[in-house]
Amino acid sequence: MMRKFKQTTQMTKFYEFIKHHSFAVQILALVVIYFATGKLGMFLAVPPGYATAIYPPSGIALAGILLFGYRAGFGVFLGSFLLNLAIADSHASITTYIPVLIAFIIALGATLQSIAGAYFVKRFADFPNPLATEKNVFTFMFFGGFLSTLVNSTISVSTLAVMNQIPLTNFFTNWSTWWIGDAIGVFIFAPLMIFWLHPEKDYFCHRKWVISSTIVA
């Protein structure tokens with residue numbers, strides 16, 4: 001119990017540090033976390049490397065907007081842009097504007113997706129809520145996960161097809177992988193980040209171990 005208390009205190013202090021420091025610190029933290037978790041997610045990517053079966057940054061992005069406000073979208077955009085530039089560079093040197101344009105559009109899609117997800121969750125899922133009832137869980141997962149993740153999968157895979165990065169015959173495979181990967185990222189990582197970093201509601205503290213053990217199991 002003492003160890004759990006210390007871990008909880010450390011996470012709360014981390015959130016308080018980010019929350020009460022400058023906007024630049026919040027954005028930098030979100031960019032670093034987005035990029036790092038995105039690199040991990042790319043180990044499960046399908047060619048050409050943009051769509052992955054599990055995409056943690058989608059959950060990180062949604063939680064970031066919910067915790068820090070819509071202006072945190074700048075961090076989502078920068079994190080996604082840098083990540084997708086790195087993906088493009090891993091295949092070939094960036095010598096034309098095409099990879100940069102693709103990274104820009106994907107980053108824009110990721111930002112719009114996280115903002116839309118946060119709006120839907122606040123509007124229809126009564127955020128903040130402790131996910132203590134079936135309705136709480138369903139509405140959060142449906143609006144934050146299934147619905148909002150249609151945004152970036154559609155924008156980004158369409159862009160890849162138009163830019164001749166994927167053949168049209170692979171459109172549905174890449175789109176479905178992208179959508180499911182983003183949705184799973186929201187299901188797993190958004191609740192974890194929110195429950196461990198949100199200190200303002202007592203019921204988050206009471207429910208964080210239940211939610212964490214359920215997700216990990």
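Quick note on numbering: the sequence shown equals residues 1 to 217 in the numbering used here.
Glycine residues also receive a C-beta, built at the ideal position from the N, C-alpha and C atoms.
A quick note: this is a predicted structure, and the numbers were derived from the prediction, not measured.
Check: Comparing alpha-carbon positions, which option in 100, 101, 96, 113 lies nearest residue 61?; Outcome: 113
Check: Thinking residue 103 and residue 81 are a contact (beta carbons under 8 Å), I'd like their distance in whole angstroms, please.; Outcome: 5 Å
Check: Taking residue 218 as part of the alpha helix (DSSP H), name the residues at either end of that continuous run.; Outcome: In the structure displayed, the chain extends from 1 to 217; residue 218 sits before or after that span and is not available.
Check: Using DSSP with H/G/I as helix, E/B as strand and the rest coil, what is residue 74?; Outcome: helix
Check: Just verifying my parser: in three-state terms, what is the DSSP assignment at residue 148?; Outcome: coil
Check: Could you give the DSSP three-state label for residue 104: helix, strand or coil?; Outcome: helix
Check: DSSP state of residue 98, grouped into three classes?; Outcome: helix
Check: For a quick check, are the C-beta atoms of residue 31 and residue 109 less than 8 Å apart?; Outcome: no
Check: I'd like the span of the alpha helix (DSSP H) that includes residue 191, first residue to last.; Outcome: 171–197
Check: Are residue 59 and residue 157 closer than 8 Å when you measure CB to CB?; Outcome: no
Check: Compute the Euclidean distance between the alpha carbons of residue 130 and residue 98, then round it to the nearest angstrom.; Outcome: 44 Å
Check: What residue range is occupied by the uninterrupted alpha helix (DSSP H) comprising residue 141?; Outcome: 134–141
Check: In terms of residue numbering, what span does the alpha helix (DSSP H) encompassing residue 33 cover?; Outcome: 23–41
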